[in-house]
Every structure is written in C-alpha cells, then in structure tokens.
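Chemist: I am attaching a structure below and will ask some questions about it afterwards.
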Amino acid sequence: MTTTPAQLAAAIPKAELHIHIEGSLEPELIFALAQRNGLSLPYPSVEALRDAYAFTNLQSFLDIYYAGASVLLHEADFHDMAWAYFLRAKADNVVHTEIFFDPQTHTARGVPMATVIQGLSSACERARAELGVSAALILCFLRHLSEDDAFATLEAALPYRQHFIGVGLDSSEVGHPPSKFSRVFARCRELGFHVVAHAGEEGPPAYIREAIDDLKTERIDHGVRSLEDPALVAELARRRIPLTVCPLSNLKLCVVDDLRQHPMKRLLDAGLCATVNSDDPAYFGGYMNANFVQTVEALDLSRDDVITLARNSFEASFVSATRRAELMALLDDAVA
Ligand code: ADE
Ligand code: ZN
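Numbering (the UniProt record's numbering), first residue to last: 1 to 336.
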C-alpha cells in the first residue's frame with residue numbers, strides 16, 4: 001500500500017513554530033474554566049460560542065480571542081490550557097514546539113506575570129518528561145499597545161527570563177508597523193533573546209522589510225504578502241529567513257478566499273524556508289495535521305514538498321545543533 005502525500009504529512013515528525021497558546025483554548029475548556037473560576041460568559045453554551053467563530057478579518061477574530069482568554073486567572077488555568085495543546089500536538093506527531101503567549105492580555109486584568117509564565121512553563125516541562133515533546137516559550141508584545149507598555153512588560157518578565165527563549169510581535173497589524181517597536185526589540189536582542197514578528201499577514205510587504213531590517217527578526221510569522229515584492233522574496237530566500245505560515249488561519253481570516261488559492265506552493269517554489277503552523281487552532285478549525293493535510297490536498301503538494309516542509313520546520317526552529325540533528329534524523333527514519 002502506498003501512502004499519499006497527505007498521509008505522509010500526517011505521519012512524519014514535525015515542529016510547530018507559530019501557535020498562540022491562548023488560541024488553543026477550546027470552547028469546552030473556556031466554559032470549564034469559567035465555571036471553575038466562578039465567571040459568567042456572554043454566551044449561553046459551548047455551541048453558541050463556537051457559532052460566533054465566523055470571522056471577516058484579523059480584528060474580528062482578535063476581539064473574540066481576547067474575550068476568551070479572560071477566563072484564565074490562576075497558574076493551573078495556564079498549565080491546563082497548555083497541557084491540552086501538548087496532547088493535541090503529540091497526536092499530530094509534533095516533536096518540538098515554540099509557543100507564543102501574550103502576557104499583556106493577562107497582566108492588564110491583574111493576573112501576575114509569575115502566574116502566566118510559571119503555569120505555561122510547568123506544562124512545557126511536563127510535555128518534555130511525559131510526552132517527549134520539546135517546547136519553548138516566546139513572549140509576544142501586543143502591537144496595538146505602546147512601546148512603553150512593551151518595555152514595562154519586558155521588565156516584569158525579566159525575573160522569569162530562564163523560562164522564555166525569545167520575543168515576538170502580534171495583534172492588530174495594519175497601522176502598527178514593526179518600527180513602532182525598534183527600541184524594545186533592540187533591548188531584547190541585547191539581552192540575548194531570539195526575535196520574531198508577525199508581518200505581511202494583513203499588512204504590506206513593507207512591514208516584512210521593516211521587521212527584518214529594523215527589528216532584525218530571525219523569522220517572519222505569516223509573511224504571505226512577501227510575494228507582492230519579488231526583491232523581498234529573493235532576499236528572504238537568499239538569507240534563509242523562515243516564514244511561519246498558517247494556512248487555515250489565512251482561510252478563516254479571509255486572507256485567502258479558498259485554500260486552493262493559498263500561496264504555500266508559490267512560497268516553496270520561490271525557494272523560501274516556509275513552514276506549516278496552526279496559529280490559533282481552537283478558532284481556525286484545526287491543529288497541525290489538519291493544516292498540513294488540507295494544504296497538501298488543496299494545492300496537490302508532492303511527497304518532496306511535504307518532506308521539505310517538515311525539514312524547514314526543524315531548520316527554522318531555535319533548538320541546539322544537537323537537538324536539530326536529532327530531529328532531522330527522526331524525519332529521515334520516518335520517510336525511509
Ligand atoms: N494573535 C493571535 N493570533 C494572531 C494572528 N493571526 N495575527 C496577529 N495576532 C495574533
Ligand atoms: Zn499568529
């Protein structure tokens with residue numbers, strides 16, 4: 001029996017590099033945490049909440065995503081959310097993951113930074129020990145807030161710096177260019193953090209250029225609009241600056257009208273280090289393998305494309321050289 005490219009995609013080991021942990025909060029868990037914490041929700045049922053997940057653009061999603069995260073109050077809530085994600089990741093043969101979290105969404109509600117980071121970090125340790133999944137945290141600044149607010153967030157997080165490996169930039173893109181955060185990113189680089197940023201999801205290719213030139217980001221999150229600027233594509237390809245692409249997110253947020261029009265194949269054919277990721281899987285209709293399988297089928301990707309995507313995920317990750325070699329060997333064994 002021969003395996004199809006989609007079956008291969010599901011079966012092989014892979015890394016996930018673009019997942020907002022608050023976006024893995026399933027409606028069932030939102031209701032369970034609301035009950036545990038004595039909170040009432042503006043939706044009568046799990047089904048009613050899920051029915052509200054009809055988005056027209058990024059902002060229409062973010063409004064409901066921030067509301068969903070308001071049920072997270074205690075360390076155990078953050079741990080339980082991340083643990084639920086790790087079980088899903090394991091089931092999809094994700095062997096390494098780099099997880100975004102949005103501390104300002106929680107500290108603005110009075111939740112201490114320690115609660116957020118310790119809850120997530122203990123789940124990462126448990127994933128390593130119990131599932132064999134390696135995991136690291138990336139702190140994201142909310143770009144609709146000020147750079148001063150980002151600086152204050154960095155200050156508050158520094159006592160826990162051993163628990164996160166990098167910083168990122170997310171939330172409402174258009175009108176909040178990367179250059180708004182030049183100084184705080186320079187400080188983060190000085191401190192030795194990895195740096196990434198969302199750019200070119202809804203925003204123009206110029207934002208991707210700012211992210212790499214001004215913030216000196218090591219990866220671009222999304223970056224699908226890079227294709228509008230051939231010189232930029234050539235530079236991203238030449239410098240092997242990875243793009244963490246999220247196909248089902250692009251579909252649900254109307255960045256593309258149909259998965260068959262998704263730019264993933266064009267990105268690969270341009271020689272870019274593109275990767276597949278789930279972004280906010282509880283909101284966008286699927287975790288890693290759903291993203292992989294649906295993209296492979298919609299774009300008729302080949303077996304070689306699938307293997308390239310998995311290899312890219314390990315190449316683009318912030319693991320040690322030793323761990324990278326281990327991950328590449330796992331992949332080689334799986335495709336042999
Ligand atoms: N926060 C969570 N998901 C996001 C996305 N797709 N773009 C920007 N900010 C986000
Ligand atoms: Zn994202």
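Positions of the beta carbon are idealized from the N, C-alpha and C atoms, including for glycine.
Quick one: what's got a C-beta closer than 7 Å to Ser-70's C-beta in the same chain, skipping five residues either side?
Modeler: For the purposes of this step, residue 70 is identified with residue 70 of the sequence shown, where counting begins at 1. Cβ neighbours of Ser-70 beyond the five flanking positions: Arg-109.
Chemist: Where does Asn-250 land, buried or exposed, given buried means 16+ other C-beta within 10 angstroms?
Modeler: As a working mapping, residue 250 is identified with position 250 in the sequence shown. Counting Cβ neighbours within 10 Å, Asn-250 comes out buried, since at least 16 surround it.
Chemist: Hey, how far is the Cα of Phe-61 from the Cα of Lys-265?
Modeler: As a first step, residue 61 is located in the sequence shown; it is residue number 61 there, counting from the start. As a first step, residue 265 is located in the sequence shown; it is residue number 265 there, counting from the start. Rounded to whole angstroms, Phe-61 to Lys-265 spans 26 Å at the Cα level.
Chemist: Within the chosen definition, does the segment 14-22 reach the segment 33-43 through at least 3 CB pairs nearer than 8 Å?
Modeler: In short, these stretches do not touch, since the Cβ pair count stays below three.
Chemist: Who's in the neighbourhood of the ligand ZN, going by beta-carbon under 6 Å from any heavy atom, listed in chain order?
Modeler: Output, sorted by chain position: His-18, His-20, Asp-170, His-198, Asp-221 and Asp-279.
Chemist: Which parts of the segment 216-289 are runs of the beta strand (DSSP E), unbroken and 3 residues or longer, counting only runs that do not cross its ends?
Modeler: Correct list: 219-222, 243-245 and 274-276.
Chemist: Quick one: residues in its chain with C-beta nearer than 6 Å to the C-beta of Ala-127, no 5 flanking neighbours on either side, listed in chain order?
Modeler: On the sequence shown, position 127 is the one that residue 127 refers to. Cβ neighbours of Ala-127 beyond the five flanking positions: Phe-86, Val-133 and Ala-135.
Chemist: Mind the definition here: the segment 178-193 touches the segment 233-250 only if three or more C-beta pairs lie below 8 Å; say whether that holds.
Modeler: Segments in contact, no.
Chemist: Run the proximity test for residue 337: is its beta-carbon closer than 7 Å to any non-hydrogen atom belonging to the ligand ADE?
Modeler: No information on residue 337 is available, as it lies outside the stretch 1 to 336 that the chain covers here.
Chemist: For Asp-170, which three-state DSSP category applies?
Modeler: Position 170 of the sequence shown, counting from 1, holds the residue named residue 170. Strand.
Chemist: So, for Gly-119: in the same chain, excluding its five sequence neighbours on each side, which residues have a beta-carbon less than 6 Å away from its beta-carbon?
Modeler: For this step, residue 119 is matched to residue 119 along the sequence shown. Cβ neighbours of Gly-119 beyond the five flanking positions: Glu-75, Phe-78 and His-79.
Chemist: When you compare only the Cα positions, how much space is there between Asp-304 and Val-94?
Modeler: As a working mapping, residue 304 is identified with position 304 in the sequence shown. As a working mapping, residue 94 is identified with position 94 in the sequence shown. Each residue's alpha carbon lies about 19 Å from the other.
Chemist: In the DSSP output, what is Leu-137 paired with across the bridge?
Modeler: Translated into positions along the sequence shown, residue 137 becomes position 137. The partner list for Leu-137 (beta bridge, DSSP) reads Ile-99.
Chemist: CB Phe-318 to CB Ile-165, shorter than 8 Å?
Modeler: On the sequence shown, residue 318 is found 318 positions in, with the first residue counted as 1. On the sequence shown, residue 165 is found 165 positions in, with the first residue counted as 1. Yes, the Cβ-Cβ distance between Phe-318 and Ile-165 is below 8 Å.
Chemist: Which word fits Gly-223, buried or exposed, when buried means at least 16 other C-beta atoms lie within 10 angstroms of its C-beta?
Modeler: Along the sequence shown, one-based indexing puts residue 223 at 223. It counts as buried.
Chemist: If Ser-278 and Cys-254 are in contact, beta carbons under 8 Å, what's the gap, nearest whole angstrom?
Modeler: Locating residue 278 in the sequence shown gives position 278, where the first residue counts as 1. Locating residue 254 in the sequence shown gives position 254, where the first residue counts as 1. No, Ser-278 and Cys-254 are not in contact; Cβ-Cβ is about 17 Å, not under 8 Å.
Chemist: Is there at least one non-hydrogen atom of the ligand ADE closer than 7 Å to the beta-carbon of Ser-179?
Modeler: The residue you call residue 179 lines up with position 179 of the sequence shown. Checking the Cβ of Ser-179 against the ligand ADE gives no.
Chemist: The beta strand (DSSP E) with Val-195 in it runs from where to where?
Modeler: Here residue 195 corresponds to residue number 195 of the sequence shown, with the count starting at 1. Val-195 -> beta strand (DSSP E) spans 194-199.
Chemist: Measuring from the CB of Leu-243, is there a heavy atom of the ligand ADE at a distance below 7 Å?
Modeler: In the sequence shown, the residue the question calls residue 243 occupies position 243. Checking every heavy atom of the ligand ADE against the Cβ of Leu-243, none is found closer than 7 Å.
Chemist: I'd like the list of long-range same chain contacts for Phe-141, defined as Cβ closer than 6 Å, with 5 residues on each side in sequence excluded.
Modeler: Translated into the one-based positions of the sequence shown, residue 141 becomes position 141. Around Phe-141: Ala-150 and Leu-169.
Chemist: Ile-21 by DSSP, collapsed to three states: which one?
Modeler: The residue you call residue 21 lines up with position 21 of the sequence shown. DSSP places Ile-21 in helix when its eight states are reduced to three.
Chemist: Could you say if the segment 215-230 and the segment 191-205 meet the contact criterion of at least three C-beta pairs nearer than 8 Å?
Modeler: With a cut-off of 8 Å, the segment 191-205 and the segment 215-230 count as touching, because enough Cβ pairs lie within range.
Chemist: Less than 8 Å separating the beta-carbons of Ala-15 and Phe-314?
Modeler: As a first step, residue 15 must be located in the sequence shown, where it is residue number 15. As a first step, residue 314 must be located in the sequence shown, where it is residue number 314. In this structure, Phe-314 lies closer than 8 Å to Ala-15 by Cβ.
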